[in-house]
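If you're matching them up, the sequences are chains A and B in order.
Quick note on numbering: our numbering labels position 14 of the first sequence as 14, and the sequence is numbered without any gaps.
So our numbering is basically just the index in the second sequence, starting at one, shifted up by 1000.
The C-beta atom is built at its ideal place from N, Cα and C for all residues, glycine as well.
Heads up: the structure comes next, in structure tokens.
Number of protein chains: 2
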Amino acid sequence: MDTVAGTERTKGHLDALLLALLASGPQHGYGVIAELRDRSEGELDLPEGTVYPALHRLERAGLLESTWAPGTTRRRRVYSLTAAGWTALSAERHEWARFSTAVGSVLSGVASA
Amino acid sequence: MDTVAGTERTKGHLDALLLALLASGPQHGYGVIAELRDRSEGELDLPEGTVYPALHRLERAGLLESTWAPGTTRRRRVYSLTAAGWTALSAERHEWARFSTAVGSVLSGVASA
DNA sequence: CTCTTTACCTCGATCACCTAGGTATAGTGG
DNA sequence: CCACTATACCTAGGTGATCGAGGTAAAGAG
């Protein structure tokens, strides 16, 4: 079957995913993709063309910072959260909570009126 | 504050929301918007420019059918699920479950490797 | 008789995301 | 030693979902 991304959309939650993943520690682009796949049990398999530009954008926005990995054989740009990134992550988590609760209650057919 | 939609972010789950809402019974466009708002406690406040075209699209796709409400004073196009619509809803529910589980486990920082 | 609410509709812009393409290095099997 | 695969990075441009803005009309409220 189709994993969510690849054929489908990450649906506006890309930033949250990237920030959350980098909350466990610095990671480079290719590694981010792999870990996202692992943690979601294959469900989230984002293309490079999605992830790299997003990392650049988050860095420009001041939520991430990066350095070329020192002492590594292969060239790797390693990203980590800035203070602003942690704040943003917190906001994203709350938003996800609100959003998923809202969608969940509609999908499960809860009438509130 | 910002509700999720309006600033956007319903991204990709629109069909699921509309089908799920109509699963509780036939409803017209304006009513769909209002009920979505109620059931999500104001969180999902979708603009008409989003909902009406989506209903038309779902009808063209054979997932919904509509009639002009008989005996109503005001003109209302009432939508209800077709058999295909119920099937699609079931699929959408599963997909939401998989997607939200995946995002949830990334956001909560679960390492599976 | 005006204002607000209900109720419908569509065009066009925006922007997030993906596809497709490209570079280069390190390890592996023959 | 040479091809192949995996790692690792990157971007230009297309596409399509969603929304903003605008428009019509009838009904109830004041």
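Contact annotation, B/Leu1036 with A/Val106: C-beta distance approximately 6 Å; criterion of less than 8 Å satisfied. Membership of B/Ser1040 in any beta strand (DSSP E) is not indicated, and neither H nor E is assigned to it by DSSP.
When the Cα atoms are used, B/Ala1084 and B/Gly1062 turn out to be separated by approximately 7 Å. As computed with DSSP, B/Thr1067 is found in a beta bridge with B/Val1078. In this structure, DSSP gives A/His28 an extended state, which the three-state scheme calls strand.
Taking the beta carbon of A/Ser40 as reference, the chain B residues within 7 Å of it are Ala1102, Ser1105 and Val1106, listed in sequence order. Here the C-alpha atom of B/Glu1048 lies approximately 44 Å from the C-alpha atom of A/Arg77. Contact between the segment 91-99 of chain A and the segment 28-46 of chain A is absent, with fewer than three C-beta pairs closer than 8 Å. Each of A/Ala69, A/Trp68, A/Thr101 and A/Trp86 was checked against the Cα of A/Asp15, and the nearest Cα belongs to A/Trp86.
Non-local C-beta neighbours of B/Trp1068 in its own chain, meaning closer than 8 Å and more than five positions away in sequence, comprise Arg1075, Arg1076, Arg1077 and Val1078, ordered along the chain.
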